[in-house]
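Worksheet: the structure to be examined is printed underneath.
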């Protein structure tokens, strides 16, 4: 029986996840399940623990307590194996300014042993509409374009789970819209997506399920179709106390 | 195993490409080392007794303190834009990242030594063809690149990075630097291999210790 036929139903399963930085408890017991192909959007004010959660899920930070399974694999057991299955787009692009877009993608592609790398680079560049800028240095691109390169970098090795940690931070509305288009175009493969954002409208647009995180805890969750779009701002304020 | 070497090479290739474009590390180290050699040349002149006494120290002051400047940049480039997180998301052991950066550090400092050493020998009126000096330089640069690369990763997470690196690096690297100074003095005095053996063995031993320890602890340095 191969790995695919044995695939667990949950792409992500989190149990009792906690993380403290000294006295500060960034996460206080998170339980979460994300199905395969589901798009989960995490809202929350600054300091709610969104980035910490994404960093733990993507193996960058170790939890203080609790367990995380991605595709049925405990991330503390096989972090290198997990990293092949995930991609991360952060508000920082991880790109090297003095290398071209092509060289940046080639570098990350070689680190991930991407087969037929040349063709794959052209493919992901076309998804984010950057074929014509492949030989420009990354540092010469606008932040919006760099973020699209970052999306291409994150999906180059065809991860089954994609984490998006506030990918629109620092972008103007047009660049933000282009990034959204890029995210939509890369998701044709039915990837599982976990996205954190402050942008309520964009989050509701991209999510199948919504959760609100506040002070390290999940304070609200609902399927997208259950969410009252018109009144979501009020719901958000009510659960996070930001409207007071 | 081949995959590990391939990944180390990929990181090294990326650093080389960046350095070829920016020349940040090599040029700053080279200018500093050159200034040290020239200033000391003016201070001590080329009198036979003085040269024998001071020259080994001058060469290693130039390369060591120049190296500190270079090590400051080795991981600083990964701190910008959170590139270190990008590297840590790659499916490789943390030690592979360390070795990739180490090979880059070693190459940059060695490149500076290749330029500086002949200038140093000419300025101090010493013979140019000294193959044993090349061995001493390679062994010493392996040792202090191993320590410098590790402490560069430590220092990027501190506020006073530029001050912290030499404070951490110099006390730990001092056995290799002393051995390099002593071995260089013996080479310049025309001593035999046998006379140098002890210092070469010390350098080899410390190189191995530094490489093993740094490889083992690097993970704890870069993990939050």
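Protein chains in written order, with our numbering: chain Z, 138 to 381; chain S, 79 to 302.
Note that CB positions come from ideal geometry on N, CA and C, so glycine has one too.
Every value quoted in this text rests on a predicted model; they were computed, and no experiment measured them.
Supposed close pair residue i, residue j - CB separation, criterion 8 Å
| i | j | result |
| --- | --- | --- |
| residue 232 of chain Z | residue 287 of chain Z | 6 Å |
| residue 339 of chain Z | residue 305 of chain Z | 7 Å |
| residue 195 of chain Z | residue 167 of chain Z | With a Cβ gap of about 15 Å, residue 195 of chain Z and residue 167 of chain Z do not count as contacting. |
| residue 150 of chain Z | residue 206 of chain Z | 5 Å |
| residue 344 of chain Z | residue 178 of chain Z | 3 Å |
| residue 243 of chain S | residue 229 of chain S | 6 Å |
| residue 273 of chain Z | residue 330 of chain Z | The Cβ separation is near 28 Å, so there is no contact. |
Buried/exposed call for residue i, threshold 16 Cβ in 10 Å
| i | result |
| --- | --- |
| residue 199 of chain Z | exposed |
| residue 119 of chain S | buried |
| residue 117 of chain S | exposed |
| residue 101 of chain S | exposed |
| residue 294 of chain Z | buried |
| residue 247 of chain S | buried |
| residue 371 of chain Z | exposed |
| residue 310 of chain Z | exposed |
| residue 263 of chain S | buried |
| residue 175 of chain Z | buried |
| residue 246 of chain Z | buried |
| residue 81 of chain S | exposed |
Close beta carbons around residue i, own chain, < 7 Å, minus the five adjacent residues each side
| i | result |
| --- | --- |
| residue 288 of chain S | 221, 224 and 225 |
| residue 381 of chain Z | In this prediction, residue 381 of chain Z has a pLDDT of 49, which is less than 50 and means its spatial position is unreliable; nothing more can be read from the coordinates. |
| residue 180 of chain S | 223, 224 and 227 |
| residue 283 of chain S | none |
| residue 369 of chain Z | 337 and 341 |
| residue 250 of chain S | 225 |
Sequence-distant residues of its chain with Cβ nearer than 6 Å to residue i (five each side left out)
| i | result |
| --- | --- |
| residue 139 of chain Z | Since pLDDT at residue 139 of chain Z reaches only 49, below the 50 mark, its modelled position is unreliable, and the value read off the structure follows with that caveat. Cβ within range, chain order: n/a, list empty. |
| residue 122 of chain S | 128 and 132 |
| residue 182 of chain S | 90 and 93 |
| residue 257 of chain S | 277, 280 and 281 |
| residue 354 of chain Z | 165 |
Under 9 Å from the C-beta of residue i: neighbouring residues of chain Z
| i | result |
| --- | --- |
| residue 170 of chain S | 217, 220 and 248 |
| residue 301 of chain S | 197, 198 and 199 |
Interface residues of chain S facing residue i [CB-CB closer than 7 Å]
| i | result |
| --- | --- |
| residue 235 of chain Z | 96, 99 and 100 |
| residue 240 of chain Z | 95 |
Chain-ordered chain Z contacts of residue i [CB-CB under 8 Å]
| i | result |
| --- | --- |
| residue 88 of chain S | 244, 247 and 248 |
Residues that residue i contacts on chain Z, provided the C-beta gap is smaller than 7 Å
| i | result |
| --- | --- |
| residue 166 of chain S | 197 |
Amino acids of chain S, ordered along the chain, whose beta-carbon sits closer than 9 Å to that of residue i
| i | result |
| --- | --- |
| residue 225 of chain Z | 163, 164 and 167 |
Partner residues on chain S for residue i, Cβ-Cβ distance less than 8 Å
| i | result |
| --- | --- |
| residue 230 of chain Z | 159 |
beta-carbon residue i near the ligand GTP non-hydrogen atom, thresh 8 Å
| i | result |
| --- | --- |
| residue 131 of chain S | In the structure on display, the ligand GTP does not appear, and there are no ligands present to speak of. |
Residues in the stretch 142-164 of chain S having any Cβ partner in chain Z nearer than 7 Å: Listed by position along the chain: 159, 160, 161, 163 and 164.
Using a Cβ-Cβ cutoff of 8 Å, what residues of the stretch 361-373 of chain Z are near chain S? List them in chain order. Interface annotation for the stretch 361-373 of chain Z against chain S: empty, criterion Cβ-Cβ distance under 8 Å.
Positions along the stretch 249-268 of chain Z whose CB lies within less than 7 Å of some CB in chain S: So the close ones are 249.
Any C-beta of chain Z within less than 7 Å: which residues of the stretch 174-203 of chain S qualify? Answer in chain order: no residues at all.
Taking a cut of 9 Å between CB atoms, which residues from the stretch 252-286 of chain S lie near chain Z? Taking 9 Å as the Cβ-Cβ cut-off against chain Z, none of the residues of the stretch 252-286 of chain S qualify.
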